[in-house]
Amino acid sequence: GGTGDLPDMFQNYMDYSDDGCMNLFTQGQTARMRALFEPGGARASLLNSTACGTPVTPTCNDGIQNGDETGVDCGGSHCPPCAVPCADPGFTSNTITTSADGAWSVYAMDLDGDGDADVLSASYSDDKIAWYENDGSGNFGAQQVITTSANSARSVYAMDLDGDGDADVLSASFNDYKIAWYENDGSGNFGAQQVITTSAEGAWSVYAMDLDGDGDADVLSASSWDDKIAWYENDGSGNFGAQQVITTSADGAWSVYAMDLDGDGDADVLSASSVDDKIAWYENDGSGNFGAQQVITTSANGARSVYAMDLDGDGDADVLSASSVDDNIAWYENDGSGNFGAQQVITTSADGARSVYAMDLDGDGDADVLSASSYDDKIAWYENDGSGNFGAQQVITTSANSARSVYAMDLDGDGDADVLSASSTDDKIAWYENDGSGNFGAQQVITTSADGAGSVYAMDLDGDGDADVLSASSLDDKIAWYENDGSGNFGAQQVITTSADGASSVYAMDLDGDGDADVLSASSLDDKIAWYENDGSGNFGAQQVITTSANGIRSVYAMDLDGDGDVDVLSASDNKIAWYENDGSGNFGAQQVITTSVEGARSVYAMDLDGDGDADVLSASSLDNKIAWYENDGSGNFGAQQVITILSYGAARSVYAMDLDGDGDADVLSASLNDDKIAWYENDCVAPCPTPENITITYDCGGEVVLHWDITDPDTLVQSYSVTMDTNGQEFTSYTGLTTSELTIPAGTLQPGTDYEYTITSSCGANTTGVIDGTEIRDPLPEIIISNVVQPDCQGNDAGGFDVTLTDDCGAFYNISVGATTFFNVPAGATVTFIDLEGTPTGMTHQVNIALADAGPCDLSVEEVACLNAVTASELIYTADTSPPDALCANTTVFFDASGQASINPQDVDGGSTDDCATVLNYALDQSQFTCSDAPEVMVQLEVGDGNPATGSGTCMAAVTLIDDLLPSAVCQDLSIDLDGSGMASVSPQDVDGGSTDNCGVAGLTLDITQFSSADIGQNQVILTAEDAAGNLNSCLATVTVNGAPPNCSDGIQNGDETGVDCGGSNCPPCAVPCADPGFTSNTITTSADVAKSVYAMDLDGDGDADVLSTSLDDDKIAWYENDGSGNFGAQQVITTSADGAWSVYAMDLDGDGDADLLSASYGDNKIAWYENDGSGNFGAQQVITTSVDVARSVYAMDLDGDGDADVL
């Protein structure tokens, strides 16, 4: 190619199918292969070779165009004709299972070694990973469960993880943070779950690919709660190393994938994260070390899925994304070096896009794109023209309810790519057969024996787990069913009854509570609703009639309508919607009519439409073109018909309800005959505006009028009311902003003898009108005014009294009485004085009563005269008391009880309070209950009153001393401990505390002995003392059993029964006999340590012998030399040359994984550093601990802070 051309991608030279609609090679690869066999090519002679003397004919399955083939393995005189590339693939839907509860992820691979693609699923609601065996023609067997221990399973993938040649299975599960795998024995039998990690918090996605170039499949995960992309190294046998984090900057990580993005031959990693809307990649150096996050885009709003494939035919891997918030399927062009162009949107019509995938679907050699979107239940594809230009969305199905995953593979062995989907709401794993030319399969007839078939329904009738089919046919009066063998093949018609005259509708539901589906029928010519009991195996009993009063019935349905837990029956007949109560055993009550306001009722359905938890009823009626609903009060009592729509030219035939706009309420669907219309009606789940009702009017004797009304407002739609009053068609007065359902109209506002029309209007607009009867309105009553009240003193020396004045509007004469005193013929407006009225400290009531003496000029009715008896007034006369009581307090002491509570009453702190008038005083405390937190003292206020509100009350303060004198309850538990390698052990008070308690809480625990040595081996008595905040002490005894620890024969300490350092005794090797005259033989290990400065020995590769470490000054080198166990050392293995002026080396396990890691000190760069050992003597890159050790010369490691790990000196 010319300057700047990119290399052709790496590809296994294998054709995976025999069709002409799939080409897995780039144009460059094709040209190279063909060039080998063309005349003059390096392998041209192979085409004409006679081998052992026999001419070679073309091989029609070798993946090479040879002989007289006109294409690869096709054409010519020997091979089948070459397929014509398909222009427009079509798909046929096939359901594999609906038993994947909350289906989330799907994948396909040959799991049982028979050469076809089986299907895998992950479903989150049942925590299940399962597979479905393919017979090679796209017929899938029953669900085979691999595990139900993947808590909220979200992703499934398959690859050979243990190197035995078959496909093992991987899962990611969200709730248990788990990445796990399941070993395949090669026949589709899977072993127990093997956990790789439980540190992927909110695991969403799992994938496998060789990331470190060692030839086995490593594992990748994406987890959303910790924003993490990570990988796990495979040793080739399915043993996985610790989690290695690639990034924690993928906020809400959702999807992970791996492919070579920069053309360097190793697998880089891609991520999609939903919270930060990010598609990003991480460059692999070929050994599983990943660079920083490189952002491709932050415009994938709610990114959910990422995938990579060459989309524009330039030989490098471009990137695809699916994002759910903006409904986008988009791609990003790769320049071959991992630099990606701007987002190029393929579609914005994937509502709630969840998954994206790419494969050649139309056989033209380029990668088309597939999408799954959850909000529109859609699986769709987009045709690629080969240059990354994508055509319009082509819908495969909109029946994948809450579609979550899409994948493509040849499932029926016809050589083209079929499509798989997983959808969570319908729990469905389904596939769509591609015929390669966009034609869908022919109709598959179940029966032609249902004469006048008018209704069909499907449900498992024989308990074998698949959906059988029911039919109702009107011309042969037949209800029948057809058994499904589980593959969509249906048996012969099995007649349930031929006694349904004019059978119009059929439905199935458990009507008698025995767990199987019974059958309901409606028949229009005999006006009959009937049911047929199922024995659980599809054998049905005789017809049991529910009613014959459903005139011309057209539709039947069943649902619990009265909230008693069993299934009641609904019917739609000529002009009637009715229901029939089930007692739970299939015995039905009389017909209960919901409405007769439906002309030509055709369809009935039930669903909660108003969000109150019960099933409301819907109807469609064809003669009045009406769709209507009826509110259920929860007990099967239905309100009036509420019309949703009247179709202008409809003949409504069917009604159904479901949430169509995702707002959580049930919308309504209708089908109408004459206008060919399918329509829906959005439910705003807001009840109608409540109307004021049950109006009552009260006419008061004194001319007041009170309006009261009721309102039923469960949705709190009414915030206020207004009331207007009209007389003779003119507004008289109005009241607005009323917040209660009652209005009091003051006396004198409305005139007696005048009628008033009122209108009560709620704030949401509903109103009620009525009339106030003027003949019931009264004149205002007279008013009693009490003034100049005189109070006697405490000793009764002064007389009490008050003045009384009576007023009215017309000047009548009254008799006015208080007690035994009466003033006669007092004109309205005159004042009389009552004296010698007795009082008490708490007040004595004196009531004023009146009676009409002479009406004078007043025109009073009989009723109004009678009302005068109700006109009274009263006044309290107190003995005069000018000062409050004298409050006197006394301090007190109380003790806490066993629950840590204490209390007092007012008398506990009363020190003799007095009052100058009252003999009985009232007491109150501002605090009478106390807890331990109030100790040691609380000041309380005592309030003393004499019953006279005019004088107020007296107060004083008292100190309440709070004492806890209860001992703690000390509870011990025995303990067994082991001595450590140094022969020591320690315990804390908490170790032997068995649950000590105190009424005010244990403040502290102490132990008399906390340290133990080898001298204490055996049983030791210790004393645990519990103390509370008040200083109360209590103790208990515990036995601490000290166990001797076996000596550590490699710790450089003489311990246990060692007779020397790390030797002798019952566990360690014998100690060497000191030689009288030791001699040494010189052995050179290396001469490549330039100015060697330090040497150390330890087992570095886990083979049990001591290897050697060295530092060398001039070449800045840390190196090691492998010992074969006999003192023969291998070549120098350099660990680093980045220790400038390497001076000292030491080895110890620093990361707790059981092998010896390395430490170095280098004086030239003032550095202390360490190097991780993988256990086999392979050391990672230098990890700097510090560069602040000026002229570093020595390094050492030991646990310095007692936390069990090795610190560095």
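In this note's numbering, the protein residues as written are 445 to 1653. Every residue gets a Cβ at the ideal spot worked out from N, C-alpha and C, and that includes glycine.
Beta-bridge partners of residue i, as assigned by DSSP
i, result
"A1407", "With the sequence shown as reference, residue 1407 is identified as Ile, and Ala is not the correct amino acid for it. I1407 is bridged to F1339."
"N772", "S767"
"T691", "I673"
"Y726", "V713"
"P1271", "F1257"
"Y1607", "Y1607 is not bridged to any residue."
"H1152", "T1140 and E1186"
"G1244", "L1281"
"H1290", "E1319"
"V650", "S665"
As assigned by DSSP and simplified to three states, the class of residue i
i, result
"S831", "coil"
"V813", "strand"
"C1493", "coil"
"D1012", "strand"
"I1230", "strand"
"C1361", "coil"
"N1313", "helix"
"A644", "coil"
"E1220", "helix"
"A1459", "helix"
"E1175", "strand"
"E1387", "strand"
"G446", "The pLDDT assigned to G446 is 35, lower than 50, so where the model puts this residue is not dependable; a value taken from the coordinates is nonetheless given after this. Note: G446 maps to coil in three-state DSSP."
"D1376", "What sits at residue 1376 in the sequence shown is Cys, not Asp. Three-state result, C1376: helix."
"E977", "coil"
"D562", "strand"
"Q1577", "strand"
"D1651", "strand"
"E1566", "coil"
"D1435", "helix"
"Q1163", "coil"
"M1628", "Here residue 1628 turns out to be Val, not Met, going by the sequence shown. Strand at V1628."
"E1018", "Rather than Glu, the amino acid found at residue 1018 in this sequence is Asp. D1018 falls in the coil class under three-state DSSP."
"D954", "coil"
7 Å Cβ cutoff, residue i in contact with chain D
i, result
"N1269", "Looking at the structure shown, chain D is missing, and only one protein chain is on hand."
Top-ranked residue by Cα proximity to residue i, from the options
i, options, result
"N1492", "N1478, P1393, T1485 and G1508", "G1508"
"D1618", "I1579, D1651 and E1471", "I1579"
"D1052", "L1062, N1464 and C1254", "L1062"
"G585", "A874, G1546 and R1097", "A874"
"S815", "D829, G782, W775 and A786", "W775"
"G796", "I773, A786, L864 and A861", "I773"
"S717", "D710, Q788, N745 and G735", "N745"
"K1611", "T1631, D1597 and G1621", "T1631"
"T1171", "D570, G1255 and G1218", "G1218"
"K672", "Q688, T841 and G785", "Q688"
"I539", "S1065, D1077 and S843", "Here the sequence assigns Thr to residue 539, which means Ile is not the residue at that position. Answer by Cα proximity: S843."
"R848", "T1405, D820 and A761", "D820"
"S1343", "D1409, G1287, A1210 and P1271", "D1409"
"S846", "A1591, T541, S865 and N1392", "S865"
"L1654", "N628, G1244 and E777", "The chain is shown only over 445 to 1653; residue 1654 falls outside these bounds and no answer can be derived."
Contact test: residue i Cβ vs the ligand PLP heavy atom, cutoff 6 Å
i, result
"Y1367", "Here there are no bound small molecules, and the ligand PLP is not part of this structure."
Does the stretch 1482-1489 come close enough to the stretch 1455-1469 to have 3 or more Cβ pairs within less than 8 Å?
Counting Cβ pairs under 8 Å, three or more are found: they touch.
With a cut-off of 8 Å, do at least 3 Cβ pairs link the stretch 1421-1436 to the stretch 1369-1386?
In the pairwise beta carbon analysis, the stretch 1421-1436 is classified as not touching the stretch 1369-1386: fewer than three pairs are separated by under 8 Å.
Taking only runs that begin and end inside the stretch 583-641, name each unbroken beta strand (DSSP E) of 3 or more residues, in chain order.
Those beta strand (DSSP E) runs which fall completely within the stretch 583-641 and span 3+ residues are 588-591, 597-603, 612-617, 622-626 and 638-641.
Quick check: the stretch 851-866 against the stretch 553-563, are at least 3 beta-carbon pairs closer than 8 Å?
Touching, yes.
Tell me whether the stretch 1411-1426 and the stretch 1349-1357 touch, counting them as touching only if at least three CB pairs, one residue from each stretch, are closer than 8 Å.
They do not touch, by the three-pair rule.
Are the stretch 564-572 and the stretch 542-550 in contact at 8 Å, needing three or more beta carbon pairs?
Yes, they touch.
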